[in-house]
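Residue numbers (the working numbering), protein chains in the order written: chain A, 202 to 319; chain B, -1 to 113. Think of the CB as a built atom: it goes at the ideal place given N, C-alpha and C, for glycine as much as any other residue. Quantities reported herein were computed from a predicted structural model and do not represent experimental measurements. A short write-up of the structure that comes next.
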Amino acid sequence: GAVVSQHPSWVICKSGTSVKIECRSLDFQATTMFWYRQFPKQSLMLMATSNEGSKATYEQGVEKDKFLINHASLTLSTLTVTSAHPEDSSFYICSARDKAAKFLHEQFFGPGTRLTVL
Amino acid sequence: DQQVKQNSPSLSVQEGRISILNCDYTNSMFDYFLWYKKYPAEGPTFLISISSIKDKNEDGRFTVFLNKSAKHLSLHIVPSQPGDSAVYFCAASGVTTSGTYKYIFGTGTRLKVLA
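Next comes the structure, spelled out in structure tokens:
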């Protein structure tokens, strides 16, 4: 149980285009999902926290108009990188917190999406 | 400003011996600490956690120690097995001004257990 999927796993796009990444909790309901970004040999950097049915909370320095997050249902959150540029190339990873989890801090991670912007 | 640091990027240990992974933090307001394990091409998976009010938590072969005065925690794996070879991340949890939790991750330590 507690599986989180991400789609696509790898995407290459041209500069200026928009890319949508999906994060799904497959066997549980997720009231909260987190979006992280990881550069090579660096830590997972929290970009934003999204709660189902409400606006995402973005971390300082993350442009909300560039990284659009939608958490429309208890099993799906999407991250759209708008007008992508080469510096947006990174590994994007989501995690989800089970609505029914007994342990507050447990989050289940997706396998990540590697974005390469040419 | 890296609030959670894992200063050893890699560690090699012989099978059967103890693996000790270290993590330092700077923010005394963190109230929970977690360790995650990550295999290539997979997302991190939760391993073990410790509340800031405790100094030790044990789960099978895994034990996490917390030294609040030194702002240091460590993960001990005994005995180490080849299947433990992975990247280990420590993470710290803190409450935001809006009352939600957020998580700060270290850069990870790559553990290699040699058979």
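If the criterion is Cβ atoms closer than 8 Å, does the pair residue i and residue j meet it?
i, j, result
"A/PHE268", "B/GLY41", "no"
"B/ASP29", "B/SER47", "no"
"A/VAL212", "A/LEU316", "yes"
"B/PHE31", "B/ALA84", "no"
"A/ALA297", "A/SER210", "no"
"B/LYS110", "B/SER6", "no"
"A/THR314", "A/GLN207", "yes"
"A/SER251", "A/ILE222", "no"
"B/GLN4", "B/CYS88", "yes"
"B/SER72", "B/ASN20", "yes"
"B/ARG15", "B/PRO77", "yes"
State the CB to CB distance for the pair residue i and residue j, rounded to an integer number of angstroms; the pair is presumed to be in contact (CB under 8 Å).
i, j, result
"A/GLN381", "A/LEU275", "Summary: the structure shown does not reach residue 381 of chain A, with chain A confined to residues 202 through 319, and so no result is reported for it."
"A/ALA291", "A/MET234", "Just to set this straight, residue 291 of chain A is Ser in the shown sequence, not Ala. A/SER291 to A/MET234, Cβ: 18 Å. No contact."
"B/LYS69", "B/THR61", "So it is not a contact: roughly 19 Å between Cβ atoms."
Reducing DSSP to helix, strand and coil, say where residue i ends up.
i, result
"A/ASP289", "helix"
"A/LYS242", "coil"
"B/ALA89", "strand"
"A/LEU227", "coil"
Are there any heavy atoms of the ligand NAP lying less than 7 Å away from the beta-carbon of residue i, as far as the coordinates show?
i, result
"B/TYR37", "In the structure shown, the ligand NAP is absent, as is every other ligand, since no ligand is present at all."
For a contact meaning CB atoms closer than 9 Å, what does residue i contact in chain D?
i, result
"A/PRO312", "Among the protein chains of the structure shown, namely A and B, there is no chain D."
What does residue i pair with, by DSSP beta-bridge criteria?
i, result
"A/MET234", "A/SER251 and A/ALA297"
"B/ASP22", "B/LYS3 and B/HIS70"
3 or more residues per run - each beta strand (DSSP E) lying fully within the segment 58 to 85 of chain B:
Here the runs fully enclosed are 60 to 65 and 70 to 75.
Suppose only complete runs of 3+ residues qualify. What are the beta strand (DSSP E) ranges in the segment 247 to 315 of chain A, listed by chain order?
Within the segment 247 to 315 of chain A, the beta strand (DSSP E) runs of at least 3 residues that lie entirely inside it are, in chain order, 268 to 274, 277 to 282 and 291 to 299.
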